[in-house]
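Accompanying notes for the structure given below.
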Amino acid sequence: MDVIVSDESLASAPCCPHGPTLLFVKVNQGQEQGRRFYACSACRDRKDCNFFQWENEKVSEVRRLAREESNRSRQPSLSHKKYMERFRDVLLLPLAQRKFCQDCQQLLLREEWGEHMGHQVAGDVSVTQLQQPSQLLYPLENKKSNAQYLFAKRSCHFLLEVILALGFRRVLSVGTPRLHELIRLKASKDQGFCLKSLLLDIDFRYSQFYTDEEFCHYNMFNHHFFGGEATREVCREFLQRDGGEGVIVVTDPPFGGLVEPLAFTLKKLKSMWTVEPEDGTKELPIFWIFPYFFESRILQFFPSFCMLDYQVDYDNHTLYKHGKTGRKQSPVRIFTNVLPKDIILPAEEGYRFCMICQRYVSSENRHCEICNSCTSKDGRRWIHCVLCKKCVKPSWIHCSACDRCALVSHSCDNTGDGCFVCGEVGHKHRNCPNHLTNRGTTQVKKKLPKKKSNKTIRGTFIRKSKKSKSTKAASKQVQKNKRRKK
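Per full-length UniProt numbering, residue 1 is the first one in the sequence shown, and the count goes up by one each step.
Shown next, in the form of structure tokens:
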């Protein structure tokens with residue numbers, strides 16, 4: 001499945017409750033591209049958002065009006081301004097009367113207590129808790145839509161220390177509520193703390209706790225501001241303040257999100273930040289937090305980015321936790337266009353500076369003289385394969401049949417070596433000359449024969465034999481019935 005993201009496609013796209021939809025196309029191996037269709041930008045599971053429309057499909061007026069009404073019905077019941085009025089009223093209440101309904105995920109006014117009888121309600125909500133709403137709100141955990149994995153305290157404080165050390169004065173926090181909270185909490189306790197933050201997030205529940213100068217309801221997969229031009233202007237002013245100097249974007253997208261729309265969004269934010277459009281040489285500083293195995297895809301869109309060795313961990317993820325508490329070491333890294341030598345990783349966690357690479361690396365990441373780089377991606381010491389001419393994971397061996405390194409338990413059918421579109425070795429389907437983004441017209445290719453493993457062949461024989469036995473049994477039964485009739 002491929003996605004087509006551009007200003008033109010978004011401008012003409014129909015809308016779902018999450019803003020303009022994205023244009024998708026199914027890519028079949030060795031065949032012409034499939035029919036294009038529009039689907040939700042934020043949700044991959046149609047149970048969460050069932051929007052679907054073929055490109056060039058004619059939509060009746062009745063259906064269009066029904067869709068608009070459905071979109072309105074799925075928006076928050078109260079405006080951001082109304083939520084702020086409620087927040088101020090709750091702040092005026094004594095501690096014993098400040099309540100938060102955990103079932104409805106909202107702050108309660110005194111006159112609403114009766115409506116929430118029987119609900120799970122948290123009482124004595126302190127000012128500190130109100131300053132840290134991620135501690136009150138249940139994280140959204142649907143991996144196929146808006147999964148919220150919240151930074152652990154260790155990673156959150158590390159990010160803050162690095163941002164301060166680099167001299168930034170403003171942080172555009174795109175999908176990073178924990179970092180936004182920490183910055184605001186520090187500012188409330190220290191008048192000399194000069195760092196500001198603006199949170200952009202698809203979770204509208206945060207509008208209960210932040211003003212429209214601190215939070216914008218935003219979809220990072222289609223660069224959509226739910227509050228319209230007013231909230232867009234808030235973001236633009238934040239980015240362009242002080243001539244655009246001293247600001248950094250920190251984004252932590254859901255791991256299941258597509259790289260293409262995220263890259264498009266970051267480029268749109270850069271265009272909002274650029275005070276002088278003709279100066280295209282300046283780069284908006286960015287920390288893009290994403291799993292390391294997306295490195296090649298991210299570098300395809302941002303060649304100037306570098307992946308840091310620092311392992312970002314999360315409180316509410318069973319795998320992505322630091323040290324012995326997590327089931328595995330976190331694969332989440334920081335991709336940035338900030339000079340890596342300027343980002344000091346903590347020595348107490350084993351990070352050290354490589355003089356040759358001019359960056360901080362993990363303790364097990366050894367410099368390979370042949371590759372001329374510290375090559376490890378996952379925190380383990382990688383080994384150099386002379387035949388592959390690159391470093392590989394220590395659990396891999398070189399397979400002479402596949403002519404590449406792979407796990408010992410891999411299947412030697414070479415299904416992953418060639419291009420998905422044309423089958424040729426040497427490039428992947430996104431760089432294929434027959435790929436939809438690299439050709440002007442649709443071309444039909446001969447379908448490639450699929451290789452069958454021994455397991456597949458055996459399974460086919462078994463199914464045939466079972467079918468023949470059942471056929472014989474049926475014919476015997478027919479013969480018996482004929483004899484009875486006679």
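Glycine included, every Cβ here is placed at the ideal spot set by N, Cα and C.
Where Gln53 is concerned, the enclosing beta strand (DSSP E) starts and stops at Phe52 to Trp54.
Inter-segment contact for the region 126-142 and the region 281-294 is absent: fewer than three beta-carbon pairs are separated by less than 8 Å. C-alpha of Pro177 to C-alpha of Lys153: approximately 12 Å in a straight line. His367 is the residue among Cys16, His367 and Gly118 whose C-alpha sits nearest the C-alpha of Cys354. Taking a cut-off of 8 Å on C-beta distances, the region 168-177 touches the region 194-206, as three or more cross pairs fall below it. Ser207 carries a helical assignment under DSSP once its states are collapsed to helix, strand and coil. Here the alpha carbons of Cys104 and Trp54 stand approximately 36 Å from one another.
Fully enclosed alpha helix (DSSP H) runs of no fewer than 4 residues occupy 177-189 and 229-240 of the region 167-244, in order along the chain. Taking C-alpha positions only, Phe51 is separated from His18 by approximately 10 Å. One thing to note: Arg35 has its Cβ no nearer than 9 Å to the Cβ of Leu23. Annotation: the continuous beta strand (DSSP E) that includes Cys399 extends over Trp396 to Cys399.
Phe100: not part of any alpha helix (DSSP H); member of the beta strand (DSSP E) spanning Lys99 to Cys101, first to last residue. Comparing alpha carbon positions, the residue from Glu61, Pro20 and Lys26 closest to Ser41 is Pro20.
Of the residues Asp252, Glu213, Gln300 and Leu239, the one whose Cα lies closest to the Cα of Lys270 is Leu239. Rounded to the nearest whole angstrom, the C-alpha separation of Arg297 and Leu95 is 50 Å. The beta carbon of Leu258 sits closer than 7 Å to those of Val3, all from its chain and outside the five residues before and after it, given in chain order. Within the same chain, and ignoring the five residues on either side of Cys399 in sequence, the residues whose Cβ sits closer than 6 Å to its Cβ are Ala406. DSSP, read as helix, strand or coil, puts His119 in coil. Asp403 is the residue among Asp403, Gly379 and Arg380 whose C-alpha sits nearest the C-alpha of Val386.
In this structure, Tyr360 is the residue among Tyr360, Thr274 and Lys282 with its C-alpha nearest to the C-alpha of Cys306. With fewer than 16 other Cβ atoms from the protein chains shown falling within 10 Å of its own Cβ, Gln75 counts as exposed. Residue environment for Asn365: buried (at least 16 other C-beta atoms within 10 angstroms of its C-beta). With fewer than 16 neighbouring CB atoms inside 10 Å of its own CB, Phe293 falls in the exposed class.
No Cβ-Cβ contact shorter than 9 Å links Ser409 with Cys391.
Residue ranges of uninterrupted alpha helix (DSSP H) with 4 or more members, entirely inside the region 285-320 and ordered along the chain, are 295-301. The three-state secondary structure of Cys156, taken from DSSP, is helix.
Residue pairing by DSSP places Gly246 in no beta bridge whatsoever. For Lys81, the uninterrupted alpha helix (DSSP H) run begins and ends at His80 to Leu92, by DSSP. For Gln106, the enclosing beta strand (DSSP E) begins and ends at Gln106 to Leu108. Beta-bridge partners assigned by DSSP to Ile383: Val392.
Pairing Pro254 with Ile383, the inter-Cα distance amounts to about 31 Å. Shown here, Arg74 sits in coil according to DSSP, grouped into three states, outside any helix or strand. Our two residues, Trp396 and Arg380, have alpha carbons roughly 12 Å apart in a direct line. Phe168 and Arg352 have their C-alpha atoms spaced approximately 24 Å apart. One Cα belongs to Leu92, the other to Leu140, and the distance between them is close to 29 Å.
Here Asn56 is exposed, its C-beta having fewer than 16 other C-beta atoms within 10 Å.
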